[in-house]
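Residue numbering for the sequence shown follows the working numbering, beginning at 410 and increasing consecutively.
Glycine included, each C-beta is placed from N, C-alpha and C at the ideal position.
Owing to the predicted nature of the structure, the values given are computational and were not obtained by experimental measurement.
Worksheet: the structure to be examined is printed underneath.
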Amino acid sequence: MSTPFHAWRAAIRIARRDAWRFKGRSVLVLSMIALPIVGVSAVDITVRSSALTMEQQLTRDMGAADARLDGAGNGSTPIYQGLDNHEYTQVDEKAPYSSEPTDITKAIPAGVRTLQDTSGSAKSRTTHGLLDVDIRELKAADPMAAGILTLKQGHFPAKADEVAATTEFLKQSGLKVGDEVSFRDFDLRYTVTGSYELPDALKDVQLNALPGTFLAPYAKALTAKGLSSPDATVSYLADVKSSDGFTWNMVKQANTKGVYVTSRAVKLDPPARSEVPLYVKHPEYGTTSGSSIPANTALLATTATVVGLAMLEICLLAGPAFAVGARRSRRQLGLVGANGGDRRHIRAIVLAGGGVIGAVAAVTGTALGLGLTVLLRPVLEDYAGQRFGGIEIRPLELLGIALLALVTGLLAAIVPAVVASRQSVLSSLTGRRGIRRANRVLPVFGAAAVCLGTSLAFIGATDTDNILAVGGGSAIAELGVVALTPTLVGLFGRLGRWLPLSPRLALRDAVRNRGRTAPAVAAVLAAVAGTVAIATYAASSDQEYRDAYVAYLPNGAVSLTVDTAGSREMPAVKAAVEKDLPVAGAADVSRIVVGEKTCDVWSSDSGCGYSELITPQANRCPLTEDTDNTMSLAQKRTWAKNWRCVTTYRPAAVQTADGILVGGASILKALGVHDAAAEKALADGRAVVFDKRQVDKDGRITLALIKDYSYSDETTAEKSPHKTFAAYRPRTGTSNGYGVTAVLSEAAAKAAGLRTVPYGMIVSTQRMPSSTERQTLDGALDKLGVQATVRVEEGYVSKNSVIMLALSIFAGLVTVGAAGIATGLAQADAEPDLRTLTAVGAPPRVRRTLSGFQCGVVAAMGVLLGSAAGTLPAVGLRKAEERQALKLYQQSVDHGWTLSSVPHTPIVVPWATLAALIVAVPLGAALLAALVTRSRSELARRAEG
410 MSTPFHAWRA AIRIARRDAW RFKGRSVLVL SMIALPIVGV SAVDITVRSS ALTMEQQLTR
470 DMGAADARLD GAGNGSTPIY QGLDNHEYTQ VDEKAPYSSE PTDITKAIPA GVRTLQDTSG
530 SAKSRTTHGL LDVDIRELKA ADPMAAGILT LKQGHFPAKA DEVAATTEFL KQSGLKVGDE
590 VSFRDFDLRY TVTGSYELPD ALKDVQLNAL PGTFLAPYAK ALTAKGLSSP DATVSYLADV
650 KSSDGFTWNM VKQANTKGVY VTSRAVKLDP PARSEVPLYV KHPEYGTTSG SSIPANTALL
710 ATTATVVGLA MLEICLLAGP AFAVGARRSR RQLGLVGANG GDRRHIRAIV LAGGGVIGAV
770 AAVTGTALGL GLTVLLRPVL EDYAGQRFGG IEIRPLELLG IALLALVTGL LAAIVPAVVA
830 SRQSVLSSLT GRRGIRRANR VLPVFGAAAV CLGTSLAFIG ATDTDNILAV GGGSAIAELG
890 VVALTPTLVG LFGRLGRWLP LSPRLALRDA VRNRGRTAPA VAAVLAAVAG TVAIATYAAS
950 SDQEYRDAYV AYLPNGAVSL TVDTAGSREM PAVKAAVEKD LPVAGAADVS RIVVGEKTCD
1010 VWSSDSGCGY SELITPQANR CPLTEDTDNT MSLAQKRTWA KNWRCVTTYR PAAVQTADGI
1070 LVGGASILKA LGVHDAAAEK ALADGRAVVF DKRQVDKDGR ITLALIKDYS YSDETTAEKS
1130 PHKTFAAYRP RTGTSNGYGV TAVLSEAAAK AAGLRTVPYG MIVSTQRMPS STERQTLDGA
1190 LDKLGVQATV RVEEGYVSKN SVIMLALSIF AGLVTVGAAG IATGLAQADA EPDLRTLTAV
1250 GAPPRVRRTL SGFQCGVVAA MGVLLGSAAG TLPAVGLRKA EERQALKLYQ QSVDHGWTLS
1310 SVPHTPIVVP WATLAALIVA VPLGAALLAA LVTRSRSELA RRAEG
């Protein structure tokens, strides 16, 4: 070892031989370091592979075409187009709305070959019933469309009576290639000639037909039966016979016709902002949000913090394992010193052990991450719902991830290397334990870090609402607690006087040998602290969502609504509901129709209108009327608390345009209203109104009838014909009608000259319907050919139970692993003592009991400290969120926006998770250690010399 190179080469050879000799320990440490590398490298490759290049994205959108032309949705009104996707605005922002479709063909330049791409929908008959399916009329076999659809089996349609289907459609419908598919209210049948998939939407249920062969005859058939036809969206693919493609000048020319263009040439080589009229007139368009840079900084800082804490956790777990290896190899290290090696060489050997295992973990983890991504690619694509552009590998990123493994291995071996180098040659050769004084600087550093981190988190939560400060402060405080762990372990030792013999021996042994106990306790502490923090935050958020949850109906109630076509089948639907559900009561519901009876709710078809309740002027919120912003800040804050301005929005299970349900007193009972006076008022022809803002000073409500949805604006309701009804305000308690504005009887609606159609029903149940009962009802509705929307009010359903269980299992595994490593090190240290116990006649169970208590003591100390440390970040984050929510609320009030209530941000301690961690995990670790420990020790061979 004459040069540093020769010294390190020899150290690496010794470390490699030592790692091969003790394969179990090496595999354990390698697994701890490699597993995160597997995950991180797999995520990196997956993210890079799923991120499509612009060329790949354009191919999936427009195939081999040069451009896609779409109508902007307002007739031929000229538009300004930006460079981002679907970024445009009207040239004349005050131009009236036009329901006429845009004539895209007028914007197509001369000599350009086009391919029509039309999208619509239909109701397909399947082996199970009915299925909503998207219809796409596109000549998919045309070379211009290559890349939009990926053929999997058979061929694309070539005749008018042929269609191709997505694999998802075949999966859900039960059909296969070669079968015929039929549709509701449509006599024509089509043969499925092939299956395909949409690379960007694998879950889409779609059929492909030739242009003009399906949507037009389907719409004609529906119209002939008095039914409304689904909307169809038309676009054109364009192939320009020029190497320049569809240029920016051509795009601007198409914009003058009200056509939006996605151009391949513009996307790949965009013009300068000064050449984009939209950006010239509206500079705010196309600019990056000012908050993106701080957001990216926060993301990078958070990522760095998480990576740093993960490396710390691995070091804390792997460090004691390296210490075990150094302790078991101390005779070998002593021989190195006896043959002229100094402390540098001892440190090099132990550090080389970390480097060797870290390097192997880097190569193994990266390779496994790549292999795992390739192996699971179909699963990942299916989960993401889109195909990758290919397996993309970024060598520099993977090299950086691999270096993390190497650095982690070296960091984990630093402390064992320093400790091993300080052992005297004589102590190493004879097996004597050296006496190491406690470090007096580390506790001071730890206490200072705890104070600094806590202060930073407190300030971030209460003064600045800076979540990044809360997270950074919590991380610093946790590092401080880790540094204080040896001192805290010593304090735990004072409890030994009140414990029985075996746990007292285990606790005193842990305190006496803090060098091996503290890292294991710190590892458990870090894992449990993270678990408690996430569990507390998740439980608090869950309680916030629970408190904010607004029910659609009374608990267990069921709502069912149908479209216009399904209204004809309501008697059969009602019979199916009463047969398949535990019905306690049912209320038939109708809705008001303005225009043709074939008009569905929210339909914007020509001839379809809607009704709207007019809020009396005296009941309107002045904040919404203050369009010129003339109110002072004090006035806005005062009005924000007034009943006219407090938002009382509740979701409605049965939605109508006007919020009015037509029916009898059974609707009131289904909505939880038990008021005899309300039932009498409804029978007398009055409207039962749940929103008092709709009732004028004379106790009446006013209903406006807008004849045509397409030509409505803000003043249409005032100018339209009105109907008035006497109103009654019922006693509703906290339900407030479950989002229904008013209930009107059939007789009152008929007397006022209003037309109604059956819309559905609200069912009160004897108990919560089971999943089997719901599936049975869905099957019955399918057989009836009715497209119905069914909602069961289940109340708030928490999704945190699985998260809590996963966190508890994770913390338990880390705790058992860290405590097991510490126990193995303790057994290596205490082997002479255990042999002495056996020699003096101690029963075999003493060895098991002592081992179990040693493991349990480490686990208990780590869990207790971690539980205390984990509450700080969770409480800090919740307080910061509360401050942000209150600030946003105050800003909204100051701007005159109406809000429902002051934000509620509770803090909830997950006692069940804490109990499992504090009691079950240490107990399980102790029992496991006791079970796997041998009752009798092996006979030791006397050292030669």
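Coarse secondary structure for residue i, derived from DSSP in three states
i, result
"H691", "coil"
"G699", "With a pLDDT of only 40 at G699, under 50, the local geometry of the prediction cannot be trusted, and the value read off the model is given with reservation. Here G699 sits in coil by DSSP."
"N1145", "helix"
"T514", "helix"
"I802", "coil"
"I810", "helix"
"H754", "helix"
"L547", "coil"
"Y792", "helix"
"L464", "At residue 464 the sequence reads Glu, which differs from the Leu that was named. Reduced to three states, the DSSP call for E464 is helix."
"I557", "coil"
"Q499", "strand"
"Y1298", "helix"
"A707", "Any reading at A707 must be qualified, since the residue scores a pLDDT of 49, below 50, and its modelled position is unreliable; the value itself is stated next. Reduced to three states, the DSSP call for A707 is helix."
"Y627", "helix"
"T523", "strand"
Candidates the options: closest to residue i by CA position
i, options, result
"R1095", "S1154, T940, T1065", "S1154"
"S377", "I758, K1106, C1054, K1159", "Nothing can be reported for residue 377: it is not among the residues displayed for the chain, which extend from 410 to 1354."
"G763", "L461, Q795, E801, L819", "L819"
"V521", "G480, A931, A573, A476", "A476"
"V1195", "R545, Y1168, S1207", "Y1168"
"A610", "T1039, Y792, H537", "Y792"
"E1291", "L461, A870, I423, V992", "A870"
"M979", "D997, L461, V438", "D997"
"I557", "D872, A474, H1313", "A474"
"L636", "L560, R593, K612", "R593"
"L807", "L900, V449, M553", "V449"
"Q466", "P852, R673, P825, D1191", "R673"
"T1189", "H537, K432, S458, G482", "Going by the sequence as given, residue 1189 is Ala instead of Thr. Comparing Cα-Cα distances from A1189 to each of H537, K432, S458, G482, the minimum goes to H537."
"V621", "R545, D1100, A776", "According to the sequence displayed, residue 621 carries Gly and not Val. Nearest C-alpha to G621: R545."
Proximity of residue i and residue j at Cβ, strictly below 8 Å
i, j, result
"A856", "L815", "no"
"L1326", "S1276", "yes"
"A1092", "G1148", "no"
"G529", "L607", "no"
"L687", "G491", "yes"
"A761", "A424", "yes"
"V1097", "A966", "no"
"P1178", "G1265", "no"
"V1267", "T926", "yes"
"V920", "L1274", "no"
"A944", "T1322", "yes"
Residue i classed as buried or exposed, judged by whether at least 16 other C-beta atoms fall within 10 angstroms
i, result
"W1320", "exposed"
"Q1175", "exposed"
"S700", "Low confidence applies to S700: its pLDDT is 41, below 50, so where it sits in the model is not reliable enough to give any reading."
"S968", "buried"
"Y627", "buried"
"L784", "exposed"
"V1063", "buried"
"M463", "exposed"
"V959", "exposed"
"T914", "The sequence shown places Leu at residue 914, rather than the Thr named in the question. So L914 ends up on the buried side."
"R1287", "buried"
"T782", "buried"
Assumed close pair residue i, residue j - CB separation to whole angstroms, cut-off 8 Å
i, j, result
"T523", "L646", "6 Å"
"Q499", "T514", "Wrong, their Cβ atoms sit about 21 Å apart, outside the cutoff."
"I755", "V438", "About 19 Å separates the two Cβ atoms, so there is no contact after all."
"T1280", "V941", "6 Å"
heavy atom of the ligand SAH below 7 Å from residue i C-beta
i, result
"A996", "With respect to small molecules bound, the structure shown includes none, and the ligand SAH cannot be examined in it."
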